[in-house]
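Reviewing the structure listed below.
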Amino acid sequence: MKAYVPILIVFIFVLGFAVTNIVLSHLVGKRKNTRAKLIPYECGMDPVGSAHQRFSVKFYLVAMLFILFDIEAVFLLPWAVVFRDLIQKLSRPFVFLEMMVFVAVLLVGYIYVWKKGLFEWNRS
Amino acid sequence: MQSLFNSLDLQFVLGSLIKIAIFWIFIMLVVAYMVYAERRVLAVIQNRLGPNRVGWQGLLQPFADLIKFIFKEDLVPLAVNKALYMMAPVIVLVPAMMVLIVYPFGPEVPLPFGGVLSQLINDLTARVGLNWNVDLRTINLYITNFNVGLLYVFAMTSLGVYGIVIGGWASNSKYSLLGGLRSSAQMISYELAMSLSVVAVLIQIGTLDLNEIARGQGDWFGLRWNIFGGPTLAMLPSALIAFVIYLISAIAETNRVPFDLPEAETELVAGFHTEYSSLKFALFFMAEYVNMTTVSVLATTLFLGGWQGPFVEQFPWLGIVYFLAKVFFFLFLYIWLRGTLPRFRYDQLMNFGWKILLPVALFNIVLASVLGVLFL
Amino acid sequence: MQIENLNLNYGAVAPEIIAAVTGVISMLVDALSPKGARKTNAVISLVGLVLALLAVVRLEPSGSYFGGMVTTDPVRVFFSVIILLVAIIAVLLAGQFLRDEGLPPGEFFTLIMFATTGMLLLASAGDLVTVFLGLEIASITTYVMAGYRRYDVRANESSLKYFLLGSFSTAFMLYGMALTYGATGNTNIAAIRAIIGEGRVEHPALLLIGAAMMLVGFGFKIASAPFHLWTPDVYEGAPTIVTGFMGTGPKAAVFAAFLRVFADGFNVTASPIGAQLQSTWISAVAVIAVLTMTIGNVIAISQKNIKRMLAYSSIAHAGYALVGFVTGDFAPVAFYMLAYSIMSLGAFAVIQLLARAGDQKTEIADYAGIGFETPALSFSLAIFLLSLGGIPPTAGFMSKFFVFKTTWDAAPHYRWLVIAAVVNSIISIYYYLYPIVVMFFRPLAPGFIKPRIATMTTVALILTLVGTFYLGLLPNRLMNALGQGQKAVAIQPRLGDR
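Protein chains in written order, with my numbering: chain A, 1 to 124; chain B, 1001 to 1376; chain C, 2001 to 2498.
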């Protein structure tokens, strides 16, 4: 457990640093606010409409795919770490095939989303 | 009270605090001079001079920049969501810097005058009535060490995405929003390829402890690096592929050229930090460079032997030299790429990540496990 | 748990593997064929389901595999057969449904196959973890299927309601499992049973709360009374085929898991805590059963929409099946679910055909006078409705008889439950007869178009009709098999002792 204590220390340390920076620039920086300066930057024009608009659903899909494949990675990592132990203890083909089944299932999902056009960014 | 001050825990906490402070100063210097080096090297590549007025050869330029940042106008646009807007740079920087505690800078080294120093500390504390027993004759060149170090790094670096999305959204500006979205989509896309590429080398390594990984590459005169296959040369192909994938996705992870779409000036002004100024902008900037350092450290440790190299056993301090040399090589590579390559188009970027890197990384895992089953 | 002695036996999960692989294949076929492959996928799914059925029949009669995660016993075998039959009929019906509605064909079969995988897993679960896994696979696929008619607002509503409430109930279930684990220190159902039997429960209160929460979770999934409110909207909005499918298959599968967790795991009286737990959950189930059938039947009477009516009828039937629960043995419940699945699917199949694309004609008034215009369909519907009402010589009658008789004999304390159920059955006949009256004794409504019936749909209708009469007329073989299975399970309720 002791090895994890520095995480807390460094968190406090770095948080302190970051907050100090924010506060410092707040206190020290001069301020001369005008309306034109305070509106969102849109190449010097007055902003057209709100910035909080709907955006392409592709971003959500990418996020979902990310979760799927990241979970795959999460399962693959421990397997890879214990790989050398496992092939000593269990039969080698077993260790190999168990994970390949897993990878194959994900590969199927991958082919599926590819063919369904989720990676076509230049198509609306 | 006495026992609290005498406890080893307090000494441990103080020790780590001092180490954190030292390493933090070091990383800040790296960031500062990385910016300077970037400007100088780019200038050389583009046949101009670059900053050379502040101090000898412009070496004090980073400090001038820092002072400028502090005294810049602290602009908070009207339409922003203030709390989130303020939080975003902090959320980006804090996890980026928290990774610093697991950097494996070097092996256990003898500290010059360590004996004298520990004697001094012990005497001083004894004078105020404490009973410390500090031993500084050898020290570890890392702050802490736990067996999920690599996972910790991945976890922390991926937290930065939140800051970017929050910053982009809270700014209430179209450029920021688009920049934040693009950036997050890009980062999560390439994070996949990155973690999958690491799986292939983990098969040869067998641990997630970064120091253990570095230590394991010490054979062959300090050159038995994982990029050469680690325990067996037969793993060379998968290790090489993994290294290439890692390198590419690491560059994309940190939003650097040629993957710097989130801040593509021609389309998005400055991306998610369009509306940020002064030190808040500087925090984003720092986080980017710290992240670059982190992925370089990981590349060094995972593939290029970390602090291992010839004669490290005889002269442990050489370890940190090797380590920094390798890390700086990667950092230089970043600058070099920036001076050389044009930017991707966004659809090309996503296609490249999802249609090329990801399947290659998956295939590489299969290859690595076939090789592992056959030869390990 | 030692990694070396897990008792890995891929034969023991062959049905699940076959179903999953078939789902994956049909998914790939759909993705790789440019226009979608309705017929190919239907054939692939059918072949896969038949193979899975063969695998179920060839299972070893009993055993525990994968470190206790999967068990084979008569409950599993019988419910797996029900689930696969439901899936086969759903696949047979899906072809025409997809063609008539012009829906993208591919994923439907994939979803059915994955749902089947989840349900099979649910039926074979020997561990709370596997129960949860199967429940999630089966639920998530059915959420999607409920919204398969993407551009229909009602289907969207149905899917979303199902999803939200389903997730909610899953959370209950998961908390219940966590608390049970906390109380017993184990997630394996057999181990939990042993621990309760020896009275080695750390915190009895935790166990009771955990069991109660799991009861709520299961109650949601089988649409029993205080937790039934999602059912009518979801069943009405979903495409009729999907309604038929999710009212039968997942329900049967959840009943299997329900039986295994409660009628097996929590059915020990050897220790004080076990006896307390058992008497508590059995009386809770008895109350739920009465509530469920009464509410279902009473509200069904006032329904104008036939899908809504059948939704309430489905609630009521869950109540009848729960009556069998108080005996603590699986045979009556299993037989009831088989009979209910067949007749309910048949009824929904006819409704699908009569409703036209987009479920336009699902009011009972739309059925006016169609009796002799499409005699085949209307007579089938009449038979299914009569069977649902429990009129001999149909499956509905025999299954009710079996449940009520067994309960009457085995649980003397719960004879009032049987009486309530019989009264309810008599009430229900009213609303089952009403559509029949409308169909045959009212003038024909204008704008009636005689539906076309595809070959596969015909096969499905014949299957369900034959099943309805077979179970009604010749139930002996099946009941004997179930009776033997019952002895093999050796769940010995001790209701009479108290």
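Every residue, glycine too, gets a C-beta built ideally from N, C-alpha and C.
These numbers come from a predicted model, not from an experiment.
- The beta-carbon distance between alanine 1234 of chain B and phenylalanine 1375 of chain B, rounded to whole angstroms, is 4 Å. This is short enough to meet the 8 Å contact definition.
- Any Cβ of chain C closer than 9 Å to the Cβ of isoleucine 111 of chain A would place that residue at the interface, and such an atom is present.
- Just so you know, the alpha carbons of leucine 2165 of chain C and isoleucine 87 of chain A end up roughly 45 Å apart.
- For aspartate 70 of chain A, the closest Cβ of chain B is nearer than 9 Å.
- Comparing alpha-carbon positions, the option among C/Arg2193, C/Asn2156 and C/Asp2233 lying closest to threonine 2269 of chain C turns out to be C/Arg2193.
- Tyrosine 2065 of chain C is bridged by DSSP to C/Val2070.
- Inter-segment contact for the segment 1270–1290 of chain B and the segment 1298–1307 of chain B is absent: fewer than three beta-carbon pairs are separated by less than 8 Å.
- Ranked by Cα distance from valine 2043 of chain C, the first of C/Phe2109, C/Leu2353 and C/Gly2217 is C/Phe2109.
- Residue contact with chain A for alanine 2055 of chain C: absent (no Cβ-Cβ distance below 9 Å to any residue of chain A).
- Among the residues of chain A, those whose CB is under 8 Å from the CB of phenylalanine 1012 of chain B are Lys2 and Val5, following chain order.
- Within the DSSP secondary-structure output, aspartate 2127 of chain C pairs in a beta bridge with C/Asn2188.
- Less than 9 Å separates the beta-carbon of phenylalanine 2402 of chain C from that of proline 2475 of chain C.
- By the criterion of at least three beta-carbon pairs nearer than 8 Å, the segment 1100–1108 of chain B is not in contact with the segment 1184–1195 of chain B.
- Selection C/Ser2378, C/Pro2451, C/Ser2224 and C/Ala2331 evaluated against leucine 2465 of chain C yields C/Ser2378 as nearest (Cα-Cα).
- Residue pairing of valine 1295 of chain B in beta bridges, as defined by DSSP: absent, with no partner found.
- Assigned with DSSP and collapsed to three states, asparagine 2480 of chain C falls in helix.
- For valine 1109 of chain B, the enclosing beta strand (DSSP E) starts and ends at 1108–1110.
- By a beta-carbon distance limit of 8 Å, tyrosine 2430 of chain C contacts isoleucine 2301 of chain C. Their separation comes to about 6 Å.
- Under the Cβ criterion of 9 Å, valine 105 of chain A is not counted among the residues facing chain B.
- Excluding sequence positions up to five before and after leucine 1093 of chain B, its CB lies within less than 8 Å of the CB of Gly1163, Leu1283, Phe1284, Met1286, Ala1287 and Val1290, all in the same chain and listed in chain order.
- If you compare the alpha carbons of B/Lys1326, B/Leu1177 and B/Tyr1334 with that of glutamine 53 of chain A, the shortest gap goes to B/Leu1177.
- Under the Cβ criterion of 9 Å, alanine 1250 of chain B is not counted among the residues facing chain A.
- Neighbours of valine 2131 of chain C across chain A, judged by C-beta separation under 9 Å, do not exist; the nearest C-beta is about 21 Å away.
- The Cβ atoms of phenylalanine 2448 of chain C and glycine 2371 of chain C do not sit closer than 9 Å to each other.
- Isoleucine 2241 of chain C places its beta carbon less than 9 Å from that of phenylalanine 2097 of chain C.
- One thing to note: glycine 2467 of chain C has its Cβ within 9 Å of the Cβ of alanine 2395 of chain C.
- Per the coordinates, the alpha-carbon of tyrosine 1036 of chain B lies some 23 Å from the alpha-carbon of alanine 1021 of chain B.
- The alpha-carbon of valine 2438 of chain C is positioned some 14 Å away from that of lysine 2361 of chain C.
- By the Cβ test, the segment 1292–1306 of chain B is in contact with the segment 1202–1215 of chain B, since at least three Cβ pairs between them sit closer than 8 Å.
- Considering only beta carbons, the part of the segment 30–50 of chain A lying closer than 9 Å to chain B consists of Lys30, Arg31, Lys32, Asn33, Arg35, Lys37, Leu38, Ile39, Pro40, Tyr41, Glu42, Cys43, Pro47, Val48, Gly49 and Ser50, in chain order.
- Chain B has no Cβ within less than 9 Å of the Cβ of valine 101 of chain A.
- Remark: C-beta atoms of phenylalanine 2132 of chain C and threonine 2170 of chain C approach each other more closely than 9 Å.
- The beta-carbon separation of phenylalanine 2255 of chain C and valine 2333 of chain C, rounded to 6 Å, stays under the 8 Å limit for a contact.
- Nearest CB-CB separation between leucine 65 of chain A and chain B: below the 9 Å threshold.
- The three-state secondary structure of isoleucine 1251 of chain B, taken from DSSP, is helix.
- Counted as a single uninterrupted DSSP element, the alpha helix (DSSP H) harbouring asparagine 2297 of chain C occupies residues 2272–2301.
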